[in-house]
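J.: Numbering-wise, the sequence shown is residues 40 to 440 according to our numbering.
For every residue, glycine included, the Cβ atom is placed at its ideal position computed from N, Cα and C.
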Amino acid sequence: MSTSWPRRQTRSAKTPANTLPQPTVLPHRGRPIPRAALKPELRAVRFFLAADDIVRIAPFGDGNVNDTYCVTLASGEQRILQRINPAVFPDPMAVIGNMLVVTEHLRRFPPRDPGRETPFRTPLLYPGRSGYAFRDRDGSAWRMMELITGARTCRTITSPGQARETGRMLGLFHSQLRTLDPQSLVDTLPGFHDTNSYLHRYDRVRSEPRRHIPEPDRFCDLAVEKGRDRVNLLTERRDRLSHGIIHGDPKMDNFLFDQSCETIVSLIDLDTVRPGLLLHDLGDALRSCCNRAGEAPDKPGDAGFDPGLYAAWLEGYLSTAGGLLTDEDKKSVVDGAMLITFELGLRFYTDYLAGNRYFKVSYPEQNLRRARTQFHLAESIDRQRDRLAAVFTDLTAAGKK
């Protein structure tokens with residue numbers, strides 16, 4: 040799902056030096072090696088490139104799901120090689136198919152904002168010898184994509200201008216995909232954003248015998264119980280909410296900025312693109328963009344929802360996609376942000392209790408730490424509910440003047 044774009048590999052206090060990823064040492068070009076003896080990334084890259092074209096392969100980014108590598112070619116060009124995690128995406132070929140459909144649509148009808156000179160760049164998929172995917176022995180699929188140069192991620196929002204820019208870009212993305220037939224996409228994650236199903240899984244895992252499984256966390260248990268009666272907030276209003284093709288994972292890591300970190304040039308990671316509620320995307324983007332502490336603060340309790348960034352983000356979104364939202368959407372934005380934040384905390388906590396089977400971790404308690412961060416953030420949204428609702432009311436009233 041997510042790939043964090045160019046960011047220097049650093050070691051946190053939780054990550055021992057010997058666990059940092061190292062570049063793959065390429066076999067000598069003149070010495071043939073049986074394909075079965077090659078590392079998986081080498082087997083995959085040779086589907087897309089001739090051996091003499093490959094100089095270096097190095098782990099890239101720190102996404103939670105897929106395995107990602109940067110491939111350096113003899114020409115100096117760099118590309119992205121990525122293994123789609125079959126434990127998360129049971130039909131990885133459909134993931135690649137969806138990406139082809141969406142990128143082709145966005146290339147034919149690129150998002151444009153009058154008065155903005157910076158073009159939106161859609162990452163290309165490169166074909167291999169017989170298609171766009173390499174199937175490995177374990178059933179996983181590999182793809183090769185363009186590395187968008189001159190771009191960077193900004194892990195946290197530091198100014199209202201960045202928040203406004205992020206909202207503007209998600210609005211352009213939603214608006215431009217309104218003309219794409221939803222039937223052209225495959226649902227690669229059935230049950231995604233079904234908070235009730237995540238809650239049922241938590242209950243199953245929570246009730247299992249605790250042998251060889253981490254002990255529950257009291258703070259997280261209380262947060263789950265507090266959120267139980269709110270899991271149907273959007274489901275009950277579904278018929279009155281706006282539907283469209285959504286990104287599915289519009290967190291800060293997936294917005295690529297120019298080097299100034301002021302203008303967005305691309306929205307990446309299209310693995311979860313699917314028909315759905317626009318509020319699911321708005322909620323997830325607001326969750327990520329309006330927390331100045333970021334996704335992994337030193338102290339989970341530092342997570343907090345910033346009303347000023349929230350106002351700027353909404354202003355940006357409404358400027359490019361305000362017409363897509365129904366009156367019920369506008370009344371439900373705060374609920375959407377709170378629900379998606381709670382849902383992600385629930386997924387992290389359940390995965391921690393289940394033994395970290397879904398999200399990749401660098402140390403055993405990482406998913407617990409992630410869960411605590413999201414639950415603190417959900418509490419922050421809930422405490423400010425009335426204030427945040429007033430922000431949206433003021434913005435929409437100003438837009439009518």
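When you compare the CB of Leu163 with every CB in chain B, is at least one pair closer than 8 Å?
T.: No chain B appears in this structure, which consists of one protein chain only.
J.: In this structure, how does DSSP classify Arg203 when only helix, strand and coil are distinguished?
T.: Numbered from 1 along the sequence shown, position 164 holds the residue referred to as residue 203. Correct three-state label for Arg203: helix.
J.: My output table needs one value for Asn330: the three-state DSSP class, helix, strand or coil.
T.: Along the sequence shown, one-based indexing puts residue 330 at 291. Note: Asn330 maps to strand in three-state DSSP.
J.: Is the distance from the Cβ of Phe294 to the Cβ of Thr205 below 8 Å?
T.: Here residue 294 refers to the residue found at position 255 when the sequence shown is read from its first residue. Here residue 205 refers to the residue found at position 166 when the sequence shown is read from its first residue. In this structure, Thr205 lies closer than 8 Å to Phe294 by Cβ.
J.: Among all the DSSP beta bridges, which residues are the ones paired with Ile187?
T.: Taking the sequence shown and counting its residues from 1, the one referred to as residue 187 is at position 148. BP columns for Ile187 are empty, so no partner.
J.: Using the Cβ count rule (16 or more neighbours within 10 Å means buried), how would you classify Arg424?
T.: Within the sequence shown, residue 424 is the residue found at index 385, counting from 1. It counts as exposed.
J.: Taking 8 Å as the cut-off, decide whether the C-beta atoms of Thr197 and Leu164 are in contact.
T.: Within the sequence shown, the letter at position 158 stands for residue 197. Within the sequence shown, the letter at position 125 stands for residue 164. Their beta carbons are not under 8 Å apart, which means Thr197 does not touch Leu164 by this criterion.
J.: Helix, strand or coil for Asp344 per DSSP?
T.: Along the sequence shown, read from residue 1 onward, the residue named residue 344 stands at position 305. First, the residue type needs correcting, since residue 344 is Phe and not Asp in the sequence shown. Assigned with DSSP and collapsed to three states, Phe344 falls in strand.
J.: Less than 8 Å separating the beta-carbons of Lys399 and Asn137?
T.: Here residue 399 corresponds to residue number 360 of the sequence shown, with the count starting at 1. Here residue 137 corresponds to residue number 98 of the sequence shown, with the count starting at 1. Taking 8 Å as the Cβ cut-off, Lys399 and Asn137 do not qualify as a contacting pair.
J.: Between which two residues does the alpha helix (DSSP H) carrying Gly315 extend?
T.: For the purposes of this step, residue 315 is identified with residue 276 of the sequence shown, where counting begins at 1. Taken as a continuous stretch (DSSP letters only), Gly315 belongs to no alpha helix (DSSP H), being part of the beta strand (DSSP E) at Arg313 to Leu316.
J.: Nearest-angstrom Cα distance between Leu383 and Asp91?
T.: Start at 1 with the first residue of the sequence shown, and residue 383 comes out as number 344. Start at 1 with the first residue of the sequence shown, and residue 91 comes out as number 52. Roughly 44 Å separates the two Cα atoms.
J.: Determine the burial state of Tyr237: buried for a count of at least 16 other Cβ atoms within 10 Å of its Cβ, exposed for fewer.
T.: The residue labelled residue 237 in the question sits at position 198 within the sequence shown. Only buried fits Tyr237, as 16 or more other CB atoms lie within 10 angstroms of its CB.
J.: Please state whether DSSP places Ser214 in a helix, a strand or coil.
T.: On the sequence shown, position 175 is the one that residue 214 refers to. Ser214: helix per DSSP, three-state reduction.
J.: Could you give the DSSP three-state label for Cys300: helix, strand or coil?
T.: Mapped onto the sequence shown, residue 300 falls at position 261. Three-state result, Cys300: coil.
J.: Helix, strand or coil, according to DSSP, for Arg174 in the structure here?
T.: The residue you call residue 174 lines up with position 135 of the sequence shown. Note: Arg174 maps to strand in three-state DSSP.
J.: Got a sec? Which residues, its chain only, sit under 6 Å from His232 by beta carbon, not counting five neighbours each side?
T.: Taking the sequence shown and counting its residues from 1, one reaches residue 232 at position 193. Once the five neighbours on either side are set aside, the close Cβ partners of His232 are His319.
J.: Should the segment 205-217 be regarded as contacting the segment 105-124, the criterion being three or more beta carbon pairs within less than 8 Å?
T.: no
J.: Report the partner residues of Pro98 according to the DSSP bridge assignment.
T.: What you label residue 98 is simply residue 59 of the sequence shown in a count that begins at 1. DSSP output for Pro98 lists Tyr108 as bridge partner(s).
J.: If you follow the beta strand (DSSP E) that His282 is part of, which residue opens it and which one closes it?
T.: Here the question's residue 282 lines up with position 243 in the sequence shown. Segment His282 to Ile285, the beta strand (DSSP E) holding His282.
J.: Assign Ala89 to one of two classes, buried (16 or more other C-beta atoms within 10 Å of its C-beta) or exposed (fewer than that).
T.: Taking the sequence shown and counting its residues from 1, one reaches residue 89 at position 50. Exposed is the call here.
J.: Tell me the DSSP secondary structure of Arg279 in three-state form.
T.: Counting from one through the sequence shown, the residue named residue 279 turns up at place 240. In this structure, Arg279 counts as helix in the three-state DSSP scheme.
J.: What number of angstroms, rounded off, separates the C-alpha of Tyr402 from the C-alpha of Arg408?
T.: Counted from its first residue, the sequence shown places residue 402 at position 363. Counted from its first residue, the sequence shown places residue 408 at position 369. Using only the alpha carbons, I get a separation of about 10 Å.
J.: Are there 16 or more other CB atoms within 10 angstroms of the CB of His239, so buried, or fewer, so exposed?
T.: Along the sequence shown, read from residue 1 onward, the residue named residue 239 stands at position 200. With fewer than 16 Cβ atoms within 10 Å of its Cβ, His239 is classed as exposed.
J.: Hey, would you say the C-beta of Glu367 is under 7 Å away from at least one heavy atom of the ligand SAM?
T.: For the structure depicted, the ligand SAM is absent and the ligand set is empty, with no information on it obtainable.
J.: To the nearest angstrom, how far is the alpha carbon of Glu418 from that of Asp323?
T.: Residue numbering aside, residue 418 sits at position 379 when the sequence shown is read from its first letter. Residue numbering aside, residue 323 sits at position 284 when the sequence shown is read from its first letter. Near 15 Å, if we compare the C-alpha coordinates of Asp323 and Glu418.
J.: Who are the near neighbours of Thr389 in its chain, counting only those whose CB is closer than 6 Å to its CB and skipping five residues on each side?
T.: The residue you call residue 389 lines up with position 350 of the sequence shown. Contacts found: Arg240, Tyr241 and Val244.
J.: Applying the 10 Å Cβ sphere with the 16-neighbour rule, what's the burial state of Asn406?
T.: Residue numbering aside, residue 406 sits at position 367 when the sequence shown is read from its first letter. In the assembly as shown, Asn406 is a buried residue. Its beta-carbon has 16 or more other beta-carbons within 10 Å.
J.: DSSP on Tyr165, reduced to helix/strand/coil?
T.: Along the sequence shown, one-based indexing puts residue 165 at 126. Three-state DSSP puts Tyr165 in a strand.
J.: Where do the N-terminal and C-terminal ends of the alpha helix (DSSP H) with Gln423 fall, by residue?
T.: Sequence index remark: in the sequence shown, residue 423 carries index 384 (1-based). From DSSP, Gln423 is part of no alpha helix (DSSP H); its letter is neither H nor E.
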